[in-house]
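*Asks:* Below is a structure I'd like to ask you about.
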Amino acid sequence: EPEVTQTPSHQVTQMGQEVILRCVPISNHLYFYWYRQILGQKVEFLVSFYNNEISEKSEIFDDQFSVERPDGSNFTLKIRSTKLEDSAMYFCASSEKPYLSASSYEQYFGPGTRLTVT
Amino acid sequence: AQKVTQAQTEISVVEKEDVTLDCVYETRDTTYYLFWYKQPPSGELVFLIRRNSFDEQNEISGRYSWNFQKSTSSFNFTITASQVVDSAVYFCALSYLNYGQNFVFGPGTRLSVLP
Chain A
3 EPEVTQTPSH
13 QVTQMGQEVI
23 LRCVPISNHL
33 YFYWYRQILG
43 QKVEFLVSFY
53 NNEISEKSEI
63 FDDQFSVERP
73 DGSNFTLKIR
83 STKLEDSAMY
93 FCASSEKPYL
103 SASSYEQYFG
113 PGTRLTVT
Chain B
8 AQKVTQAQTE
18 ISVVEKEDVT
28 LDCVYETRDT
38 TYYLFWYKQP
48 PSGELVFLIR
58 RNSFDEQNEI
68 SGRYSWNFQK
78 STSSFNFTIT
88 ASQVVDSAVY
98 FCALSYLNYG
108 QNFVFGPGTR
118 LSVLP
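Listed in order, the protein sequences are those of chains A and B. Number 111 in the working numbering belongs to position 109 of the first sequence; there are no gaps in the numbering. Number 54 in the working numbering belongs to position 47 of the second sequence; there are no gaps in the numbering.
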């Protein structure tokens, strides 16, 4: 069964450093997402991406964040200058083209990357 | 605005007890989907069920059952004869379609099943 994969599973970085979190969505999916979950809290939407541009972003997704689909398979989240409060689990998700079918509403989540900023 | 509320922050039950996790949602959309996810201590999100806004039929899957009531905007989840392996955080989520479709998650309910 196809699945979303994320690398690395755990990333430790120093405050002020840049990090890139990588995701490989399911191959025929067209919508991509990043979510964040601070330890012990709920999962929060960061950004959605379609047709090589951001569709929607939350207040959390400020200028320190960027997303990119550098090739046909990867989808990346970059944090330019990490802060302590960026420590969280980051989930990537993908879905089919919206409005296509019932399954368009379903997002498939990757296993997450745990980011620790020290 | 879209919102999901899970009023129960933590629940503890003894093994073999039944437990119901509550979920109340808010949306102006007429077409939407509701989901339940399980997050075990390992951290991944495990999909449990998807229910669309036009289908209020209750569903049972093994020890799990779901009660969707549109009139009260609720989508409650019941585990029958709970087991220690059910211990996890459970999230209810709402998905709606707009140009930038995304999920809105509830705050989660931490379920502890004691032996």
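Don't be surprised by glycine CBs; every beta carbon is placed ideally from N, CA and C. These numbers come from a predicted model, not from an experiment.
At the level of alpha carbons, what is the spacing between residue 28/A and residue 56/A?
*Replies:* Stepping through the first sequence from its first residue, residue 28/A is reached at position 26. Stepping through the first sequence from its first residue, residue 56/A is reached at position 54. Straight-line Cα distance between these residues: approximately 18 Å.
*Asks:* The segment 16 to 35 of chain B: which residues have C-beta closer than 7 Å to a C-beta of chain A, in chain order?
*Replies:* Residues passing the 7 Å Cβ filter: none.
*Asks:* For residue 122/B, which residues in the same chain have their Cβ closer than 7 Å to its Cβ, ignoring the five residues on either side in sequence?
*Replies:* As a first step, residue 122/B must be located in the second sequence, where it is residue number 115. The answer, listed in chain order, is 22, 91.
*Asks:* Output needed in chain order: residues of the segment 31 to 62 of chain B with a Cβ under 7 Å from some Cβ in chain A.
*Replies:* Going along the segment 31 to 62 of chain B in chain order, one finds 40, 50, 51, 52, 57, 59 with a Cβ nearer than 7 Å to chain A.
*Asks:* Please report the Cβ distance between residue 115/B and residue 44/A, rounded to the nearest whole angstrom; I am assuming they are in contact, meaning their Cβ atoms lie under 8 Å.
*Replies:* As a first step, residue 115/B is located in the second sequence; it is residue number 108 there, counting from the start. As a first step, residue 44/A is located in the first sequence; it is residue number 42 there, counting from the start. Confirmed, Cβ separation roughly 6 Å.
*Asks:* Please go through the same chain and pick out, in chain order, the residues whose beta-carbon is closer than 8 Å to the beta-carbon of residue 72/A, but skip the five residues on each side of it.
*Replies:* Position 70 of the first sequence, counted from the first residue, corresponds to residue 72/A. These residues qualify, in order along the chain: 78.
*Asks:* Between which two residues does the beta strand (DSSP E) harbouring residue 82/B extend?
*Replies:* Counting from one through the second sequence, the residue named residue 82/B turns up at place 75. Run containing residue 82/B: 81 to 86, per the beta strand (DSSP E) assignment.
*Asks:* Below 8 Å CB to CB, which residues in the same chain sit around residue 76/A once its five sequence neighbours on both sides are set aside?
*Replies:* Start at 1 with the first residue of the first sequence, and residue 76/A comes out as number 74. Cβ within range, chain order: 24, 25, 26.
*Asks:* Can you pull the chain B residues whose beta carbon is under 9 Å from the beta carbon of residue 108/A, in chain order?
*Replies:* In the first sequence, counting from the first residue as 1, residue 108/A sits at position 106. Correct list: 40, 42, 54, 57, 102.
*Asks:* Kindly indicate which three-state DSSP category residue 86/A falls into: helix, strand or coil?
*Replies:* Mapped onto the first sequence, residue 86/A falls at position 84. Three-state result, residue 86/A: helix.
*Asks:* Would you mind stating whether residue 10/B and residue 44/B have Cβ atoms separated by less than 9 Å?
*Replies:* For the purposes of this step, residue 10/B is identified with residue 3 of the second sequence, where counting begins at 1. For the purposes of this step, residue 44/B is identified with residue 37 of the second sequence, where counting begins at 1. No, the pair does not count as a contact, with Cβ atoms beyond the cut-off.
*Asks:* Thinking C-beta only, is residue 115/A closer than 9 Å to residue 14/A?
*Replies:* Sequence index remark: in the first sequence, residue 14/A carries index 12 (1-based). Sequence index remark: in the first sequence, residue 115/A carries index 113 (1-based). For residue 14/A and residue 115/A, no; Cβs fall outside 9 Å.
*Asks:* Tell me, to the nearest whole angstrom, how far the beta carbon of residue 2/A is from that of residue 39/A; I am working on the premise that it is less than 8 Å.
*Replies:* For residue 2/A there is no data in the structure shown, the boundaries of chain A being 3 and 120.
*Asks:* When DSSP builds the beta bridges, which residues end up paired with residue 101/B?
*Replies:* One-based indexing of the second sequence puts residue 101/B at position 94. In the DSSP output, where bridge partners are listed per residue, residue 101/B has 41/B, 111/B.
*Asks:* Tell me which residues of the segment 41 to 52 of chain A have at least one Cβ-Cβ distance to chain B shorter than 7 Å, keeping chain order.
*Replies:* Listed by position along the chain: 44, 45, 47, 50.
*Asks:* The beta strand (DSSP E) spanning residue 1/B covers which residue range?
*Replies:* Residue 1/B falls outside the range modelled here, since chain B spans only 8 to 122, and no answer is possible.
*Asks:* Where residue 19/B and residue 53/A are concerned, what is the direct C-alpha to C-alpha distance, given to the nearest angstrom?
*Replies:* Counted from its first residue, the second sequence places residue 19/B at position 12. Counted from its first residue, the first sequence places residue 53/A at position 51. If you take the alpha carbons of residue 19/B and residue 53/A, they lie about 45 Å apart.
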